[in-house]
Amino acid sequence: MTTTEETPRTDPAAGLAAVRQAVDRACARAGRKAGSVTLVAASKTVPPDVLARTIDAGHLVYGENRVQEARAKWPPLRERCPELELHLIGPLQSNKAREAVALFDVVHSLDRASLCQALARECARQGRMPRFFVQVNTGAEPQKAGVLPDAADAFVAACTETYGLDVRGLMCIPPAGEPPQPHFALLAEIAERNGLGLLSMGMSGDYASAVEHGATHVRVGSAIFGARPPWTAA
Numbered sequence: 046m047t048t049t050e051e052t053p054r055t056d057p058a059a060g061l062a063a064v065r066q067a068v069d070r071a072c073a074r075a076g077r078k079a080g081s082v083t084l085v086a087a088s089k090t091v092p093p094d095v096l097a098r099t100i101d102a103g104h105l106v107y108g109e110n111r112v113q114e115a116r117a118k119w120p121p122l123r124e125r126c127p128e129l130e131l132h133l134i135g136p137l138q139s140n141k142a143r144e145a146v147a148l149f150d151v152v153h154s155l156d157r158a159s160l161c162q163a164l165a166r167e168c169a170r171q172g173r174m175p176r177f178f179v180q181v182n183t184g185a186e187p188q189k190a191g192v193l194p195d196a197a198d199a200f201v202a203a204c205t206e207t208y209g210l211d212v213r214g215l216m217c218i219p220p221a222g223e224p225p226q227p228h229f230a231l232l233a234e235i236a237e238r239n240g241l242g243l244l245s246m247g248m249s250g251d252y253a254s255a256v257e258h259g260a261t262h263v264r265v266g267s268a269i270f271g272a273r274p275p276w277t278a279a
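Per the working numbering, the very first residue in the sequence shown carries number 46; after that it's consecutive.
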């Protein structure tokens, strides 16, 4: 199954419920326990009043693509609901490491030594250690972030042994227009040989397939919140 069932797009709480049900069905098909997959609601450009509706519906895990946007809208929501978990699921510039360590509980886009250095310094300075995923460019796309598959083992080792970062898993974004399953399988293979238990893979168009291939985290936005306008800085 490469696409997911269409979900309601006018009510984010209804969209959230439908995605949860689809994830549970995918778990059942794969012989996995319901609840074994973390649904990261990708909330890029979603305004706080809309997010409040899904928070009120009981969803507590969200993913943002940009540090600047997260800084602008999440602190008040977290004051209201301290148990929220915030993930950075977009690329991270090294000069944003200080804010990223302060804002995010999980970072999915660790992909280069300079970023590791900046994050390690900030973790030490702030006394705070987010959990990290290494992003793997499974399609070897020149325009896309992520370490290449044949460099992933050495990079994972450097992240933990050289920089002391808490790496828990791997993340990928399969190339557009290609079947995602081979990329999901490759990511799972790299994770297994590196002793990493978490896999962040699958978005609105392919999250059910990702679950069937072992995803522990799926990043779903439009299937919950509908089409959204592009983000613009204030």
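Glycine included, every Cβ here is placed at the ideal spot set by N, Cα and C.
Computed from a predicted model, the values in this text were never measured in an experiment.
| task | Please confirm whether residue 255 and residue 246 have their CB atoms less than 8 Å apart. | result | In the sequence shown, residue 255 corresponds to position 210, counting from 1. In the sequence shown, residue 246 corresponds to position 201, counting from 1. For residue 255 and residue 246, yes; Cβs fall inside 8 Å.
* Can you tell me whether DSSP reads residue 56 as helix, strand or coil? -> Start at 1 with the first residue of the sequence shown, and residue 56 comes out as number 11. Three-state DSSP puts residue 56 in coil, outside helix and strand.
**Message:** So, at 8 Å on beta carbons, what are the nonlocal neighbours of residue 260 in its own chain, with the 5 sequence-adjacent residues on each side left out?
**Reply:** As a working mapping, residue 260 is identified with position 215 in the sequence shown. Contacts found: 82, 229, 244, 245, 246, 247, 252.
Below 8 Å on the Cβ atoms is my guess for residue 144 versus residue 112; work out the distance and round it to an integer in Å. Taking the first residue of the sequence shown as 1, we reach residue 144 at position 99. Taking the first residue of the sequence shown as 1, we reach residue 112 at position 67. Right, the Cβ-Cβ distance comes to about 5 Å (below 8 Å), so this counts as a contact.
Counting beta carbon pairs with one atom in the stretch 65-77 and one in the stretch 115-127, are three or more of them shorter than 8 Å? no
| message | Can you look up residue 186 in the DSSP assignment and give me helix, strand or coil? | response | Numbered from its first residue, the sequence shown carries residue 186 at position 141. Three-state DSSP puts residue 186 in coil, outside helix and strand.
Neighbour-count burial assignment, residue 266, 16 or more Cβ in a 10 Å radius
By 1-based counting over the sequence shown, the position of residue 266 is 221. Buried.
Coarse secondary structure for residue 86, derived from DSSP in three states | Taking the sequence shown and counting its residues from 1, one reaches residue 86 at position 41. DSSP places residue 86 in strand when its eight states are reduced to three.
query: Taking the runs of the alpha helix (DSSP H) that are 4 residues or longer, which of them lie wholly in the stretch 94-168?
result: 112-125, 142-148
Given 8 Å, three or more beta-carbon pairs between the stretch 181-197 and the stretch 158-170: no
**Asked** Helix or strand or just coil, what does DSSP make of residue 64?
**Response** Here residue 64 corresponds to residue number 19 of the sequence shown, with the count starting at 1. Helix, per DSSP.
(message) Given this structure, state the Cα-to-Cα distance separating residue 234 from residue 224, to the nearest angstrom.
(response) For the purposes of this step, residue 234 is taken as residue 189 along the sequence shown, with counting starting at 1. For the purposes of this step, residue 224 is taken as residue 179 along the sequence shown, with counting starting at 1. So the alpha carbons of these two residues sit roughly 17 Å apart.
Handout entry: Coil, strand or helix - residue 231 by DSSP
Key = For this step, residue 231 is matched to residue 186 along the sequence shown. In this structure, residue 231 counts as helix in the three-state DSSP scheme.
_On the DSSP bridge list, what partners appear for residue 177?_
By 1-based counting over the sequence shown, the position of residue 177 is 132. In DSSP, residue 177 forms a bridge with 152, 212.
TODO: Pull up the DSSP beta-bridge partners for residue 245, would you.
DONE: Reading the sequence shown from its first residue, position 200 is the one you call residue 245. 216, 262.
Point to revise | Contact between the stretch 124-133 and the stretch 185-204 (3+ Cβ pairs under 8 Å) | key: no
task = On a CA-only basis, which of 240, 57, 203 is nearest residue 95? Give me that one, please.
result = As a working note, residue 95 is residue 50 in the sequence shown. Nearest C-alpha to residue 95: 57.
Within 8 Å, strictly: CB atoms of residue 134 and residue 213:
Indexing the sequence shown from 1 puts residue 134 at position 89. Indexing the sequence shown from 1 puts residue 213 at position 168. Using a Cβ distance threshold of 8 Å, residue 134 and residue 213 do not count as a contacting pair.
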